[in-house]
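Using my numbering, the letters of the sequence shown map in sequence onto residues 96 to 379.
These notes are about the structure you will find just below.
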Amino acid sequence: MIHRTPHEIAAEIRMGRSQSPRTLLIVEGRDDRLLMEAFVSQSTCRIEVAGGKQNVCDVIDILDAEGFNGVLGLVDADFDRIEGSPARSHNLVMPECHDLIMMLVKSPALGRTITELGSRPKLETFNENVVDALLNRALPIGYLRLYSLRENLNLRFRGLNFSAWINRTTFTADTGKLIRTVKNHSQRQDLSDAKFAVAIKEMHGFMYDPYELCNGTDVIEILSIGLRGVLGNKQAREVESELLKRFLRLAYSKQDFRSSSLKKEIEKWESQRPGHRVLKDDMN
Numbered sequence: 096m097i098h099r100t101p102h103e104i105a106a107e108i109r110m111g112r113s114q115s116p117r118t119l120l121i122v123e124g125r126d127d128r129l130l131m132e133a134f135v136s137q138s139t140c141r142i143e144v145a146g147g148k149q150n151v152c153d154v155i156d157i158l159d160a161e162g163f164n165g166v167l168g169l170v171d172a173d174f175d176r177i178e179g180s181p182a183r184s185h186n187l188v189m190p191e192c193h194d195l196i197m198m199l200v201k202s203p204a205l206g207r208t209i210t211e212l213g214s215r216p217k218l219e220t221f222n223e224n225v226v227d228a229l230l231n232r233a234l235p236i237g238y239l240r241l242y243s244l245r246e247n248l249n250l251r252f253r254g255l256n257f258s259a260w261i262n263r264t265t266f267t268a269d270t271g272k273l274i275r276t277v278k279n280h281s282q283r284q285d286l287s288d289a290k291f292a293v294a295i296k297e298m299h300g301f302m303y304d305p306y307e308l309c310n311g312t313d314v315i316e317i318l319s320i321g322l323r324g325v326l327g328n329k330q331a332r333e334v335e336s337e338l339l340k341r342f343l344r345l346a347y348s349k350q351d352f353r354s355s356s357l358k359k360e361i362e363k364w365e366s367q368r369p370g371h372r373v374l375k376d377d378m379n
């Protein structure tokens, strides 16, 4: 894959505008493009993948400085709202949750996915609300992600082995094992387990909205473990992360999107920029 700089992407957008007057929607990655393609009007808008949140923001900054109109960036909120980070541009929108995957998790698409992939007898005997169970198990790693950000620890979470701290048979999460797993994965044995435990306990007391705190990829990994154990009878290859993301995207309906805050944010942007349309007409 060719990695383009924000300046290269901005230059391509300028060149493209000379050939077509279409509005531009810039997204972080391929998964975002695949999701938004169902709701974006191809006749009036083109989707551009920038390769990460910072790239999207940088491209918008470059084009804003030039007064270039008709380009909207879509990025994950991550911890921006929790941390009170100021908005960078009127040409950026975010989902109402931590990220776009969490927007799908919050919607009826998750229930449809679980019904399709889970075991009905196991789901009927599971003694927790499934959505609450997924969020509760994702909260501790969400706290660690936030703690790493605040303390500039640069902990590594990509490629983390979730089975090392979530028991597939009982679907219980061991926070102590999570801390040790993250430390080992990050090669940060110098960090104190006790400090991590205290930080998690303190942040839990703030009662953050789990949809703002939890990372969608974490929730998907936890769901995968559940569907191989207490929630279903699947093999690992049948519910790997990328497949589950695809199932969720396909289960996310137009009606789900119509009910989202993201749709309202995009419509607000459109209303302030006559002549620039992002969404399909039937999204109204």
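Heads up, the beta-carbon is just placed ideally off N, CA and C, and yes, glycines get one too.
- Here A268 is bridged, per DSSP, to I261.
- Within a 10 Å sphere around the beta-carbon of P190 sit 16 or more other beta-carbons, which makes this residue buried.
- Per the C-alpha coordinates, the member of A106, K329, D175 and R372 positioned closest to E161 is A106.
- Within the region 319-345, no run of beta strand (DSSP E) at least 3 residues long lies entirely inside it.
- Within 10 angstroms of the beta-carbon of R245 lie fewer than 16 other beta-carbons, which makes it exposed.
- Annotation for D153: P101 place their beta carbon closer than 7 Å to its own, counting only its chain and skipping 5 residues before and after.
- When only Cα atoms are considered, I177 and P203 end up about 25 Å apart.
- Under the three-state reduction of DSSP, C192 is assigned to coil, being neither helix nor strand.
- Note that the C-beta distance between L167 and W364 is below 8 Å.
- Comparing alpha carbon positions, the residue from V373, T208, K349 and M197 closest to E360 is V373.
- The beta carbons of R344 and L129 sit about 6 Å from each other, so the pair counts as a contact at 8 Å.
- Closest in alpha carbon position to S184, among F174, L255, I155 and D175, is I155.
- Looking only at E316, G370 and Y347, the smallest Cα-Cα distance to R332 is reached by E316.
- The three-state reading of DSSP puts C140 in strand, counting E and B together.
- Of the residues T312, Q350, P235 and S356, the one whose Cα lies closest to the Cα of E297 is P235.
- When DSSP states are grouped into helix, strand and coil, L248 belongs to the coil group.
- Spanning the alpha carbons of S319 and N164 requires a straight line of approximately 42 Å.
- Taking each of H371, A346, L357 and S366 in turn and checking the Cα distance to R207, the smallest one comes out for A346.
- In the three-state scheme derived from DSSP, where H, G and I count as helix and E and B as strand, L167 is classed as strand.
- The secondary-structure analysis by DSSP pairs T210 with nothing; it has no beta-bridge partner.
- Note: T118 is bridge-paired with C140 in the DSSP secondary-structure output.
- Per DSSP, reduced to three states, the secondary structure at L286 is coil, with no helix or strand assignment.
- Taking all protein chains in view, the Cβ of R232 is crowded by 16 or more other Cβ atoms within 10 Å, so the residue is classified as buried.
- For V373, DSSP records no beta bridge to any residue.
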